[in-house]
Amino acid sequence: MNSFSVSRRRFLHSMALLSGSMFLDGCLRRIPTGLLSPPDPMSHLTVDVHCHFFNGTDLQLERFLQSTQNASHPAAAKAAPLAQYFNWKLAPSGKSEMRKLRSEHMRVKDVQNNWKKAHSEPYSKFRHEVLKHRPATAPIAGTTTTQGSVPWNAPEWQSKRWPKKYEDAEPHLVGGSLTAFEEYFQYRYVALADYLDLYNKGASRSIDLAITHLVDYDWPLNDGKPARTQLHDQVKLMERISVLSQGRVHTFAPFDPFREIAYRAGIRNAKWSALDALKQWVTRFGCIGVKIYPTMGFAPYGNSEIALESWSGVSWKWLDDLKSIPDGKGGHATIGERLDDVLGEMYNWCLSIDLPVMAHTDLSNGLNETFDQFPAAKYWGALRECFTGLRVNFGHLGGFEKTSEKDWNMPSAAWPSGVNARDLVALMSENPSAPGGRFFADSAYTENVLSDTDRATLLDVYQAALSWMAPGQPRPVLQNRLMYGSDWSLVMLENDMEKYFADFVSMFKQLDAQAGESTENLSNKFFGANAVDYLGLQDGGTRKRLTDFYSDNKIAFGPQGQPAWMSKIQS
Ligand SMILES: [Zn+2]
């Protein structure tokens, strides 16, 4: 999810308020087609390594809003139950979407019209419900929406029918919290269609492959109680979407070490093992990686070195004794030791089958300020030595977009320096078999790219960072490790977010020009080649898994006989 706590808080704030009836003021947008916008076969390989195509029923909305909004927006926190109520009642669950995707409709020629219908259904339910509740819910004082207030008194709003002008609305997918909020009521498949429609135009590249990530917050946020669409169903649905999209999108499964710890400790509610589930999702349901979210309360490794008090700030009912947690085999250990145990097992399994790991590494969006520090470079240092060879993506590169050009002109040893992005780059090694040799990073949710002035500054930061060397690094390493990421659908929060991809493309053209590259060398690495290395798309485990996945599911590709991303990788 996004890297900017400010943006995210704004989003969550709006989300809660909108559910309190401030919603719907001409924000209806176009109905996407059922046919996904195809990739351009001629443009260079382009991968978005960081997206999310979930809806609100996949998330712990209420707890999420409450835990992040309480201090800054108490009104929003109060509206949290309503946000979840609306969303879980109205947005399509994983099971209902699966039924739609399995229906005849997906095979007949008229797929486009059927998807129009599918798309408008959740909205009409939503509208109906909002209209029904409207008289009972008063707007919360002192709040405005980004696009003006709702004209409740206008005759068109009094009618039971949705105003005609919105039914016929022209394509209208613009950024802002309303749009982002709407997407959480939508089918995931439609979210993918929205995304591809938007980013397949206006740039000299098109998206060949999008990597989507699921999250598991059930234990950190809700004592193990599941979201409305349970994870097993989310995974199966995403598998189906990978098939239907013909390999245009593939999914990283989530791993929450607390779920595993609770399961082994025999906690009531802990009905299944996170590690067993992960293994199943990867080997049987098409997942191609694992996503971890350290700011929910764990360091990537080295937790046993962390003071126990760090975990005493959260009152998890199931975890009352931090010093002595049963491991299920007769032993007991501290929370830090248990975390390292289960994380270590997971990393070893990833290594054994060459499975990449993606982690949120911005120091933000945690349950508290202590947890916010858990993705810091020093903990990755601990992992690097113990699990050499592990493919890792530092999502948001430790807050890269907040660094300055000056940060990248420092010649001194990077770690521990307090510039997390730079410290993470210092952990990368040029040699793939050395510790840190397969550490990568992504540019997800860099909203500064959207403004002309900020982009000029960002360009300088990128230029400095791409040529920066930590002591001991013989050459700059980041240009072979940094990858394009959008953080869709979170990035929909930003006005002008429809330019996000095109703005990155043009910024990298400038970087190529400044480096005297006539062959778009930096661009091709950033948008494609580095993702191939990270994911193992050419000769790694992922390539093999996906080749098997396509043949097991009998996917009929066009004349190329393979998805665009595969035909664009030079063998
Ligand atoms: Zn994300």
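Using our numbering, the letters of the sequence shown correspond one by one to residues 285 to 855.
Each residue gets a CB set at the ideal place from its N, CA and C atoms; glycine is no exception.
Item: Measuring only from the beta carbon, is glycine 612 closer than 7 Å to any heavy atom that is part of ligand 1?; Value: no
Item: So, using beta-carbon positions, are threonine 579 and phenylalanine 655 closer together than 8 Å?; Value: yes
Item: Using 8 Å as the threshold, is the region 618 to 625 in touch with the region 518 to 527, meaning 3 or more CB pairs across them?; Value: no
Item: Relative to the C-alpha of serine 835, which residue among Val527, Trp664 and Tyr663 is closest?; Value: Val527
Item: Less than 8 Å between the C-beta atoms of leucine 743 and tyrosine 784, yes or no?; Value: no
Item: Out of curiosity, what's the CA-to-CA distance linking alanine 661 and threonine 513?; Value: 34 Å
Item: Here's a check: name, in chain order, each residue in its chain whose Cβ is nearer than 7 Å to the Cβ of methionine 748, leaving out the five neighbours to either side.; Value: One point to set straight first is that residue 748 is alanine, not methionine, in the sequence displayed. Contacts found: Glu689, Trp692 and Asn693.
Item: Considering only C-alpha positions, which residue in the set Gly340, Trp372 and Ala494 is nearest to alanine 815?; Value: Ala494
Item: Indicate the three-state DSSP secondary structure (helix, strand or coil) for threonine 496 in the structure shown.; Value: strand
Item: Relative to the alpha-carbon of glutamine 657, which residue among Ile853, Phe542, Asp707 and Leu647 has its alpha-carbon at the smallest distance?; Value: Leu647
Item: Quick one: what does DSSP say tryptophan 372 is sitting in, helix, strand or coil?; Value: helix
Item: Considering only DSSP beta bridges, list what lysine 575 is partnered with.; Value: Pro538 and Met642
Item: Expressed to the nearest angstrom, what Euclidean distance is found between the alpha-carbon atoms of asparagine 587 and aspartate 624?; Value: 6 Å
Item: Looking at C-alpha atoms only, which residue of Asp502, Ala705, Glu629 and Pro322 is the closest neighbour of glutamate 346?; Value: Asp502
Item: Is the separation between the beta-carbon of arginine 675 and that of proline 640 shorter than 8 Å?; Value: yes
Item: Please classify tryptophan 600: does DSSP put it in a helix, a strand, or coil?; Value: coil
Item: Skipping 5 residues on each side, what residues in its chain have a beta carbon closer than 8 Å to that of aspartate 787?; Value: Val733, Leu734 and Arg739
Item: Beta-carbon separation of leucine 774 and alanine 725 under 8 Å?; Value: no
Item: Have a look at arginine 622 and arginine 543 and give me their C-alpha separation to the nearest angstrom.; Value: 11 Å
Item: Are the CB atoms of tryptophan 664 and leucine 708 nearer to each other than 8 Å?; Value: yes
Item: In chain order, what residues of the same chain have a beta carbon less than 7 Å from the beta carbon of cysteine 571, not counting five sequence neighbours either side?; Value: Val519, Thr535, Phe536, Ala537 and Trp565
Item: Span of the alpha helix (DSSP H) holding aspartate 832?; Value: 825 to 836
Item: I'd like to know whether the C-beta atoms of glycine 573 and methionine 630 end up nearer to each other than 8 Å.; Value: no
Item: Using only alpha-carbon positions, find the residue among Ser351, Leu795, Gly614 and Asn371 that is nearest to phenylalanine 338.; Value: Asn371
Item: How long is the line joining the alpha carbons of proline 755 and glycine 673, rounded to whole angstroms?; Value: 21 Å
Item: Alanine 848 to alanine 477, Cα distance in whole Å?; Value: 17 Å
Item: For methionine 753, does the three-state DSSP call read helix, strand or coil?; Value: coil
Item: Using DSSP with H/G/I as helix, E/B as strand and the rest coil, what is threonine 429?; Value: For threonine 429, the predicted model reports a pLDDT of 34, less than 50, meaning its position is unreliable; a value from the coordinates is still stated below. Here threonine 429 sits in coil by DSSP.
Item: Where phenylalanine 678 and proline 584 are concerned, what is the direct C-alpha to C-alpha distance, given to the nearest angstrom?; Value: 11 Å
Item: Spell out the partners DSSP gives glycine 679 in its beta bridges.; Value: His644
Item: In the region 499 to 536, which residue ranges form an unbroken alpha helix (DSSP H) of at least 4 residues, counting only runs that do not cross its ends?; Value: 502 to 506 and 515 to 528
Item: With a CB to CB cut of under 8 Å and the five nearest residues on each side skipped, what residues in its chain are close to arginine 827?; Value: Gly820 and Leu821
Item: Does lysine 373 pass the burial test, meaning 16 or more other C-beta atoms within 10 Å, or should it be called exposed?; Value: exposed
Item: Since I believe phenylalanine 811 is in contact with threonine 330 (beta carbons under 8 Å), could you give me their beta-carbon distance rounded to a whole number of angstroms?; Value: 5 Å
Item: Just how far apart, CA to CA, sit glycine 683 and alanine 487?; Value: 26 Å
Item: Just reading off the beta strand (DSSP E) that aspartate 605 is part of, what are its end residues?; Value: First-last for aspartate 605: undefined, no H or E at that position.
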